[in-house]
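Numbering (our numbering), first residue to last: -13 to 366.
Below you can see the structure in the form of C-alpha coordinates.
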(Lines of atoms letter the chains of each structure in order from A and count residues from 1; the text may use other names and numbers.)
(Lines give C-alpha, C1' and ligand atoms only; values in the text may rest on other atoms or scores of the structure.)
Protein backbone atom coordinates (compact mmCIF):
# COMPACT_ATOMS: atom_id res chain seq x y z
CA UNK A 1 0.00 0.00 0.00
CA UNK A 2 1.56 3.33 -0.98
CA UNK A 3 2.05 6.01 1.69
CA UNK A 4 -0.48 8.84 2.03
CA UNK A 5 1.56 11.29 -0.01
CA UNK A 6 2.30 8.89 -2.86
CA UNK A 7 1.70 10.03 -6.39
CA UNK A 8 -1.43 8.89 -8.24
CA UNK A 9 0.68 6.51 -10.32
CA UNK A 10 1.48 4.59 -7.14
CA UNK A 11 -2.17 4.01 -6.29
CA UNK A 12 -3.62 0.55 -6.84
CA UNK A 13 -4.53 -0.05 -10.45
CA UNK A 14 -8.15 -0.91 -9.59
CA UNK A 15 -8.60 2.33 -7.64
CA UNK A 16 -7.63 4.34 -10.71
CA UNK A 17 -9.95 2.29 -12.90
CA UNK A 18 -12.86 2.61 -10.45
CA UNK A 19 -12.33 6.33 -10.16
CA UNK A 20 -12.60 6.59 -13.95
CA UNK A 21 -16.00 4.92 -13.96
CA UNK A 22 -17.23 6.28 -10.63
CA UNK A 23 -20.55 8.15 -11.20
CA UNK A 24 -20.83 11.78 -10.18
CA UNK A 25 -24.36 11.16 -8.90
CA UNK A 26 -26.50 8.25 -7.84
CA UNK A 27 -26.28 5.60 -5.14
CA UNK A 28 -22.55 5.01 -5.51
CA UNK A 29 -21.49 8.68 -5.63
CA UNK A 30 -20.22 9.04 -2.08
CA UNK A 31 -16.45 9.32 -2.00
CA UNK A 32 -13.63 10.41 -4.26
CA UNK A 33 -10.31 8.63 -4.38
CA UNK A 34 -8.03 10.58 -2.10
CA UNK A 35 -5.19 8.13 -1.62
CA UNK A 36 -4.89 9.09 2.05
CA UNK A 37 -6.46 6.08 3.76
CA UNK A 38 -5.94 2.31 3.78
CA UNK A 39 -7.37 0.07 1.11
CA UNK A 40 -10.05 -1.13 3.51
CA UNK A 41 -11.29 0.51 6.67
CA UNK A 42 -12.30 -2.61 8.58
CA UNK A 43 -15.88 -1.45 9.02
CA UNK A 44 -17.80 -4.67 9.64
CA UNK A 45 -21.03 -3.02 8.47
CA UNK A 46 -19.51 -2.64 5.03
CA UNK A 47 -17.42 -5.80 4.73
CA UNK A 48 -18.19 -9.18 6.27
CA UNK A 49 -16.02 -12.23 5.66
CA UNK A 50 -16.31 -15.86 6.69
CA UNK A 51 -13.19 -17.86 5.83
CA UNK A 52 -12.44 -21.52 6.39
CA UNK A 53 -8.78 -22.27 5.67
CA UNK A 54 -7.53 -25.63 4.48
CA UNK A 55 -6.25 -26.50 7.97
CA UNK A 56 -9.73 -25.98 9.44
CA UNK A 57 -9.13 -22.51 10.92
CA UNK A 58 -12.07 -20.08 10.81
CA UNK A 59 -11.47 -16.38 10.30
CA UNK A 60 -13.79 -13.39 10.01
CA UNK A 61 -11.09 -10.76 9.39
CA UNK A 62 -11.62 -8.55 6.36
CA UNK A 63 -8.15 -7.06 6.00
CA UNK A 64 -6.47 -7.52 2.59
CA UNK A 65 -3.70 -9.74 4.01
CA UNK A 66 -6.18 -12.29 5.41
CA UNK A 67 -8.22 -12.26 2.21
CA UNK A 68 -5.12 -12.71 0.10
CA UNK A 69 -4.05 -15.64 2.25
CA UNK A 70 -7.47 -17.24 1.75
CA UNK A 71 -7.15 -16.74 -2.01
CA UNK A 72 -3.71 -18.43 -2.05
CA UNK A 73 -4.86 -21.37 0.07
CA UNK A 74 -6.08 -23.94 -2.50
CA UNK A 75 -8.31 -25.66 0.08
CA UNK A 76 -9.83 -22.54 1.64
CA UNK A 77 -13.48 -21.61 1.09
CA UNK A 78 -14.90 -18.24 2.01
CA UNK A 79 -17.76 -15.79 1.63
CA UNK A 80 -17.12 -12.06 1.39
CA UNK A 81 -20.10 -9.70 1.60
CA UNK A 82 -19.76 -6.04 0.61
CA UNK A 83 -22.56 -3.76 1.81
CA UNK A 84 -22.39 -0.22 0.40
CA UNK A 85 -18.71 -0.54 -0.56
CA UNK A 86 -16.70 2.54 -1.38
CA UNK A 87 -14.17 2.77 -4.20
CA UNK A 88 -11.18 1.53 -2.21
CA UNK A 89 -13.09 -1.46 -0.90
CA UNK A 90 -14.18 -2.29 -4.43
CA UNK A 91 -10.50 -2.18 -5.38
CA UNK A 92 -10.19 -5.54 -3.59
CA UNK A 93 -12.01 -7.09 -6.53
CA UNK A 94 -8.93 -6.46 -8.66
CA UNK A 95 -6.06 -6.31 -6.18
CA UNK A 96 -6.97 -9.48 -4.27
CA UNK A 97 -9.18 -11.49 -6.62
CA UNK A 98 -8.02 -10.29 -10.03
CA UNK A 99 -11.53 -10.06 -11.50
CA UNK A 100 -11.97 -8.84 -15.07
CA UNK A 101 -12.21 -5.03 -15.41
CA UNK A 102 -15.49 -5.28 -17.33
CA UNK A 103 -17.08 -7.24 -14.50
CA UNK A 104 -15.84 -4.70 -11.97
CA UNK A 105 -17.20 -1.90 -14.14
CA UNK A 106 -20.63 -3.57 -14.20
CA UNK A 107 -20.49 -3.84 -10.42
CA UNK A 108 -19.87 -0.10 -10.11
CA UNK A 109 -22.59 0.87 -12.56
CA UNK A 110 -25.83 0.40 -10.69
CA UNK A 111 -29.10 -0.96 -12.17
CA UNK A 112 -27.71 -3.75 -14.35
CA UNK A 113 -30.05 -6.25 -15.96
CA UNK A 114 -30.13 -9.75 -14.44
CA UNK A 115 -27.45 -11.78 -16.18
CA UNK A 116 -24.69 -14.35 -15.75
CA UNK A 117 -21.27 -14.13 -17.41
CA UNK A 118 -18.46 -16.68 -17.48
CA UNK A 119 -14.80 -15.75 -17.10
CA UNK A 120 -12.25 -18.45 -17.77
CA UNK A 121 -9.36 -16.76 -15.97
CA UNK A 122 -7.67 -19.36 -13.75
CA UNK A 123 -5.60 -18.14 -10.84
CA UNK A 124 -5.00 -18.60 -7.13
CA UNK A 125 -8.64 -17.95 -6.29
CA UNK A 126 -10.14 -20.55 -8.62
CA UNK A 127 -9.12 -23.43 -10.82
CA UNK A 128 -12.23 -23.47 -13.04
CA UNK A 129 -12.67 -19.78 -13.68
CA UNK A 130 -15.48 -17.79 -12.11
CA UNK A 131 -18.93 -16.42 -12.90
CA UNK A 132 -20.30 -12.93 -12.51
CA UNK A 133 -24.02 -12.75 -11.74
CA UNK A 134 -26.54 -9.94 -11.35
CA UNK A 135 -29.77 -10.76 -9.54
CA UNK A 136 -32.56 -8.49 -8.30
CA UNK A 137 -34.49 -8.97 -5.08
CA UNK A 138 -37.71 -7.18 -4.08
CA UNK A 139 -37.84 -4.36 -1.57
CA UNK A 140 -40.21 -5.78 1.04
CA UNK A 141 -40.32 -2.52 3.02
CA UNK A 142 -41.90 -0.35 0.32
CA UNK A 143 -43.73 -2.72 -2.03
CA UNK A 144 -47.18 -1.78 -0.67
CA UNK A 145 -46.60 1.82 -1.72
CA UNK A 146 -44.29 1.36 -4.70
CA UNK A 147 -42.73 -1.70 -6.29
CA UNK A 148 -38.94 -1.55 -6.53
CA UNK A 149 -36.10 -4.05 -6.56
CA UNK A 150 -32.59 -4.17 -5.13
CA UNK A 151 -29.61 -5.26 -7.17
CA UNK A 152 -27.29 -8.00 -5.95
CA UNK A 153 -23.96 -8.58 -7.74
CA UNK A 154 -22.09 -11.85 -7.15
CA UNK A 155 -18.74 -13.35 -8.09
CA UNK A 156 -18.81 -17.10 -7.56
CA UNK A 157 -16.37 -19.95 -8.08
CA UNK A 158 -15.76 -23.38 -6.58
CA UNK A 159 -13.99 -21.83 -3.54
CA UNK A 160 -15.59 -18.47 -2.84
CA UNK A 161 -18.64 -16.28 -3.09
CA UNK A 162 -18.41 -12.47 -3.19
CA UNK A 163 -21.72 -10.63 -2.81
CA UNK A 164 -21.96 -6.88 -3.45
CA UNK A 165 -25.04 -4.76 -2.84
CA UNK A 166 -25.83 -1.11 -2.30
CA UNK A 167 -28.86 -1.79 -0.09
CA UNK A 168 -29.51 -4.48 2.55
CA UNK A 169 -31.09 -7.71 1.29
CA UNK A 170 -33.22 -9.82 3.56
CA UNK A 171 -31.94 -13.00 1.94
CA UNK A 172 -28.33 -11.94 2.62
CA UNK A 173 -28.99 -10.74 6.17
CA UNK A 174 -30.63 -14.00 7.21
CA UNK A 175 -27.61 -16.01 6.07
CA UNK A 176 -25.17 -13.51 7.59
CA UNK A 177 -26.86 -13.87 10.97
CA UNK A 178 -26.59 -17.65 10.74
CA UNK A 179 -22.94 -17.46 9.70
CA UNK A 180 -22.04 -15.08 12.53
CA UNK A 181 -23.07 -17.72 15.07
CA UNK A 182 -21.16 -20.47 13.29
CA UNK A 183 -19.49 -19.86 9.89
CA UNK A 184 -19.27 -23.61 9.27
CA UNK A 185 -23.07 -23.70 8.90
CA UNK A 186 -22.83 -21.89 5.57
CA UNK A 187 -19.32 -22.91 4.47
CA UNK A 188 -19.22 -26.66 5.11
CA UNK A 189 -22.09 -27.59 2.72
CA UNK A 190 -20.20 -25.91 -0.14
CA UNK A 191 -20.23 -22.65 -2.07
CA UNK A 192 -22.81 -23.97 -4.52
CA UNK A 193 -25.29 -24.67 -1.73
CA UNK A 194 -24.58 -21.25 -0.24
CA UNK A 195 -25.42 -19.74 -3.62
CA UNK A 196 -28.60 -21.81 -3.72
CA UNK A 197 -29.62 -20.59 -0.25
CA UNK A 198 -29.28 -16.95 -1.32
CA UNK A 199 -31.19 -17.47 -4.56
CA UNK A 200 -33.91 -19.52 -2.86
CA UNK A 201 -34.58 -16.90 -0.20
CA UNK A 202 -34.44 -14.11 -2.76
CA UNK A 203 -37.01 -15.79 -5.02
CA UNK A 204 -39.27 -16.62 -2.07
CA UNK A 205 -39.35 -12.92 -1.21
CA UNK A 206 -41.40 -12.31 -4.36
CA UNK A 207 -44.30 -14.33 -2.90
CA UNK A 208 -45.73 -11.61 -0.60
CA UNK A 209 -45.49 -9.11 -3.46
CA UNK A 210 -47.46 -11.37 -5.80
CA UNK A 211 -50.04 -12.04 -3.07
CA UNK A 212 -50.41 -8.30 -2.50
CA UNK A 213 -50.82 -7.73 -6.23
CA UNK A 214 -53.57 -10.34 -6.37
CA UNK A 215 -55.46 -8.55 -3.59
CA UNK A 216 -55.07 -5.23 -5.38
CA UNK A 217 -56.29 -6.68 -8.67
CA UNK A 218 -59.32 -8.29 -6.99
CA UNK A 219 -60.22 -4.91 -5.50
CA UNK A 220 -59.79 -3.19 -8.86
CA UNK A 221 -62.00 -5.75 -10.60
CA UNK A 222 -64.75 -5.34 -7.98
CA UNK A 223 -64.69 -1.55 -8.16
CA UNK A 224 -64.55 -1.59 -11.96
CA UNK A 225 -67.84 -3.48 -12.05
CA UNK A 226 -69.68 -1.81 -9.16
CA UNK A 227 -68.22 1.68 -8.76
CA UNK A 228 -66.24 2.81 -11.85
CA UNK A 229 -65.06 6.19 -10.58
CA UNK A 230 -62.66 8.34 -12.65
CA UNK A 231 -59.87 7.71 -10.09
CA UNK A 232 -59.95 3.98 -10.82
CA UNK A 233 -58.44 4.06 -14.32
CA UNK A 234 -55.06 5.56 -13.21
CA UNK A 235 -54.81 2.85 -10.52
CA UNK A 236 -55.38 0.16 -13.14
CA UNK A 237 -52.70 1.71 -15.36
CA UNK A 238 -50.20 1.86 -12.46
CA UNK A 239 -50.87 -1.78 -11.60
CA UNK A 240 -50.30 -2.82 -15.21
CA UNK A 241 -47.02 -0.86 -15.35
CA UNK A 242 -45.75 -2.49 -12.13
CA UNK A 243 -46.54 -5.94 -13.51
CA UNK A 244 -44.60 -5.15 -16.68
CA UNK A 245 -41.62 -3.91 -14.66
CA UNK A 246 -41.70 -7.03 -12.50
CA UNK A 247 -41.90 -9.19 -15.62
CA UNK A 248 -38.82 -7.47 -17.07
CA UNK A 249 -36.90 -8.30 -13.88
CA UNK A 250 -38.05 -11.86 -13.20
CA UNK A 251 -37.96 -12.97 -16.84
CA UNK A 252 -34.17 -12.65 -17.30
CA UNK A 253 -33.58 -14.10 -13.83
CA UNK A 254 -35.37 -17.23 -14.95
CA UNK A 255 -32.76 -17.61 -17.69
CA UNK A 256 -29.93 -17.07 -15.18
CA UNK A 257 -31.20 -19.80 -12.86
CA UNK A 258 -31.87 -22.09 -15.82
CA UNK A 259 -28.22 -21.80 -16.86
CA UNK A 260 -27.17 -22.89 -13.37
CA UNK A 261 -29.34 -26.02 -13.64
CA UNK A 262 -28.10 -27.14 -17.06
CA UNK A 263 -24.59 -28.09 -15.97
CA UNK A 264 -22.98 -25.08 -17.65
CA UNK A 265 -21.37 -24.07 -14.33
CA UNK A 266 -18.80 -26.81 -13.63
CA UNK A 267 -18.44 -26.38 -9.87
CA UNK A 268 -22.18 -26.74 -9.16
CA UNK A 269 -22.78 -30.35 -8.17
CA UNK A 270 -25.62 -32.46 -9.50
CA UNK A 271 -27.14 -32.68 -6.02
CA UNK A 272 -27.25 -28.88 -5.88
CA UNK A 273 -28.79 -28.62 -9.34
CA UNK A 274 -31.82 -30.49 -7.99
CA UNK A 275 -32.40 -27.69 -5.47
CA UNK A 276 -31.73 -25.03 -8.10
CA UNK A 277 -34.36 -26.61 -10.33
CA UNK A 278 -36.82 -26.08 -7.48
CA UNK A 279 -35.86 -22.40 -7.40
CA UNK A 280 -36.36 -22.30 -11.17
CA UNK A 281 -39.82 -23.80 -10.76
CA UNK A 282 -40.71 -21.03 -8.33
CA UNK A 283 -39.54 -18.42 -10.81
CA UNK A 284 -41.50 -20.05 -13.63
CA UNK A 285 -44.63 -20.02 -11.49
CA UNK A 286 -43.98 -16.39 -10.61
CA UNK A 287 -43.74 -15.48 -14.31
CA UNK A 288 -46.95 -17.41 -15.02
CA UNK A 289 -48.71 -15.59 -12.18
CA UNK A 290 -47.52 -12.25 -13.53
CA UNK A 291 -48.90 -13.12 -16.98
CA UNK A 292 -52.21 -14.13 -15.37
CA UNK A 293 -52.35 -10.94 -13.32
CA UNK A 294 -51.60 -8.89 -16.42
CA UNK A 295 -54.55 -10.49 -18.19
CA UNK A 296 -56.72 -9.79 -15.14
CA UNK A 297 -55.66 -6.14 -15.10
CA UNK A 298 -56.44 -5.81 -18.81
CA UNK A 299 -59.80 -7.45 -18.06
CA UNK A 300 -60.42 -5.01 -15.21
CA UNK A 301 -59.69 -2.12 -17.55
CA UNK A 302 -62.14 -3.53 -20.12
CA UNK A 303 -64.78 -3.97 -17.39
CA UNK A 304 -64.18 -0.38 -16.28
CA UNK A 305 -64.58 0.99 -19.79
CA UNK A 306 -67.65 -1.19 -20.34
CA UNK A 307 -69.18 0.00 -17.06
CA UNK A 308 -68.54 3.62 -18.00
CA UNK A 309 -70.13 3.01 -21.41
CA UNK A 310 -73.13 1.28 -19.84
CA UNK A 311 -73.61 4.13 -17.38
CA UNK A 312 -73.47 6.59 -20.25
CA UNK A 313 -75.98 4.52 -22.18
CA UNK A 314 -78.33 4.51 -19.20
CA UNK A 315 -78.07 8.28 -18.95
CA UNK A 316 -78.75 8.68 -22.66
CA UNK A 317 -81.66 6.24 -22.41
CA UNK A 318 -83.23 8.20 -19.57
CA UNK A 319 -82.81 11.50 -21.39
CA UNK A 320 -84.26 10.00 -24.57
CA UNK A 321 -87.36 8.73 -22.72
CA UNK A 322 -87.88 12.14 -21.12
CA UNK A 323 -87.51 13.82 -24.51
CA UNK A 324 -89.97 11.44 -26.20
CA UNK A 325 -92.51 11.79 -23.40
CA UNK A 326 -92.29 15.59 -23.62
CA UNK A 327 -92.77 15.49 -27.39
CA UNK A 328 -96.66 15.22 -27.39
CA UNK A 329 -96.99 18.21 -25.06
CA UNK A 330 -94.61 20.16 -27.27
CA UNK A 331 -96.58 19.31 -30.41
CA UNK A 332 -99.98 20.12 -28.88
CA UNK A 333 -98.91 23.42 -27.34
CA UNK A 334 -97.04 24.41 -30.49
CA UNK A 335 -99.88 23.54 -32.83
CA UNK A 336 -102.65 25.24 -30.91
CA UNK A 337 -100.45 28.15 -29.91
CA UNK A 338 -100.29 29.45 -33.47
CA UNK A 339 -102.04 32.80 -34.12
CA UNK A 340 -104.09 31.70 -37.12
CA UNK A 341 -107.85 31.79 -37.68
CA UNK A 342 -109.75 28.73 -38.77
CA UNK A 343 -107.69 26.22 -36.84
CA UNK A 344 -109.90 23.08 -36.39
CA UNK A 345 -111.49 23.06 -32.92
CA UNK A 346 -109.85 26.31 -31.98
CA UNK A 347 -113.02 28.41 -31.76
CA UNK A 348 -115.38 25.76 -30.42
CA UNK A 349 -113.45 23.72 -27.89
CA UNK A 350 -110.18 25.27 -26.94
CA UNK A 351 -111.71 28.67 -26.26
CA UNK A 352 -114.32 27.07 -24.01
CA UNK A 353 -113.75 26.70 -20.21
CA UNK A 354 -112.91 23.00 -20.65
CA UNK A 355 -110.32 23.54 -23.38
CA UNK A 356 -107.36 23.65 -20.98
CA UNK A 357 -108.33 20.40 -19.27
CA UNK A 358 -108.97 18.70 -22.59
CA UNK A 359 -105.46 19.54 -23.80
CA UNK A 360 -103.91 18.45 -20.47
CA UNK A 361 -105.76 15.13 -20.48
CA UNK A 362 -104.76 14.54 -24.10
CA UNK A 363 -101.12 15.23 -23.29
CA UNK A 364 -101.09 12.97 -20.21
CA UNK A 365 -102.84 10.21 -22.17
CA UNK A 366 -100.19 10.31 -24.88
CA UNK A 367 -97.39 10.24 -22.29
CA UNK A 368 -98.93 7.25 -20.52
CA UNK A 369 -99.37 5.48 -23.86
CA UNK A 370 -95.69 6.03 -24.71
CA UNK A 371 -94.57 4.78 -21.29
CA UNK A 372 -96.73 1.66 -21.72
CA UNK A 373 -95.25 1.12 -25.18
CA UNK A 374 -91.68 1.44 -23.80
CA UNK A 375 -92.53 -1.01 -21.02
CA UNK A 376 -93.96 -3.60 -23.42
CA UNK A 377 -90.79 -3.37 -25.53
CA UNK A 378 -88.69 -3.65 -22.35
CA UNK A 379 -87.06 -0.29 -22.86
CA UNK A 380 -87.80 0.65 -19.26
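All residues carry an ideal CB built from backbone N, CA and C; glycine is no exception. These numbers come from a predicted model, not from an experiment.
DSSP bridge partner residues for residue 45 (one or two, in chain order): In the DSSP output, where bridge partners are listed per residue, residue 45 has 37.
Through-space distance from residue 143 to residue 46, alpha-carbon basis: Cα to Cα, residue 46 sits roughly 19 Å from residue 143.
Continuous alpha helix (DSSP H) assignments of at least 4 residues falling wholly in the segment 110 to 198: Entirely contained in the segment 110 to 198, the alpha helix (DSSP H) runs reaching 4 residues are, in chain order, 156 to 167, 170 to 173, 177 to 190.
Cα-Cα separation between residue 271 and residue 148, rounded to whole angstroms: A direct Cα-Cα distance of roughly 29 Å separates residue 271 from residue 148.
Straight-line gap, residue 225 to residue 283 (C-alpha atoms, nearest Å): Cα atoms of residue 225 and residue 283: separation of roughly 7 Å, rounded to the nearest angstrom.
CA nearest to the CA of residue 91, picked from 132, 161, 139: It is 139 whose Cα lies nearest to the Cα of residue 91.
Cα-Cα separation, residue 248 to residue 117: If I take the Cα positions, the gap works out to 15 Å.
Cβ pair residue 209, residue 218 closer than 8 Å: Yes; because the gap between Cβ atoms is below 8 Å, this pair is in contact.
Buried or exposed by the 16-neighbour rule on C-beta atoms within 10 Å, applied to residue 157: Counting Cβ neighbours within 10 Å, residue 157 comes out buried, since at least 16 surround it.
DSSP beta-bridge partners of residue 212: Paired residues: none, contrary to the question.
Where residue 106 sits in the DSSP three-state scheme: Coil.
Among 54, 234, 179, 288, the one whose alpha carbon lies nearest that of residue 223: Comparing Cα-Cα distances from residue 223 to each of 54, 234, 179, 288, the minimum goes to 288.
Helix, strand or coil at residue 66 according to DSSP, with G and I counted as helix: Shown here, residue 66 sits in a strand according to DSSP, grouped into three states.
Rounded separation between residue 344 and residue 314 - CA only: Those two C-alpha atoms are separated by around 14 Å.
Proximity below 8 Å, CB of residue 155 to CB of residue 132: No, the pair does not count as a contact, with Cβ atoms beyond the cut-off.
contact_flag[the segment 178 to 195, the segment 42 to 59] where n(CB pairs < 8 Å) is 3 or more: Verdict: no, contact absent.
Which of helix, strand or coil DSSP assigns to residue 101: Of the three classes helix, strand and coil, the one that applies to residue 101 here is strand, per DSSP.
Distance CB(residue 146)-CB(residue 63) smaller than 8 Å: Yes, these two residues count as a Cβ contact at 8 Å.
Limits of the unbroken alpha helix (DSSP H) element including residue 242: 218 to 247 is the span of the alpha helix (DSSP H), which, as asked, contains residue 242.
Distance between residue 150 and residue 237 (C-alpha atoms, nearest Å): Between the alpha carbons of residue 237 and residue 150 lies a gap of roughly 22 Å.
Proximity of residue 185 and residue 243 at Cβ, strictly below 8 Å: Yes; because the gap between Cβ atoms is below 8 Å, this pair is in contact.
Status (buried if at least 16 other CB within 10 Å, exposed otherwise) for residue 123: Residue environment: residue 123 is assigned as buried (16 or more neighbouring CB atoms within 10 Å of its CB, all protein chains considered).
Cβ neighbours of residue 354 in the same chain (closer than 7 Å, five flanking residues each side left out): There are no such residues.
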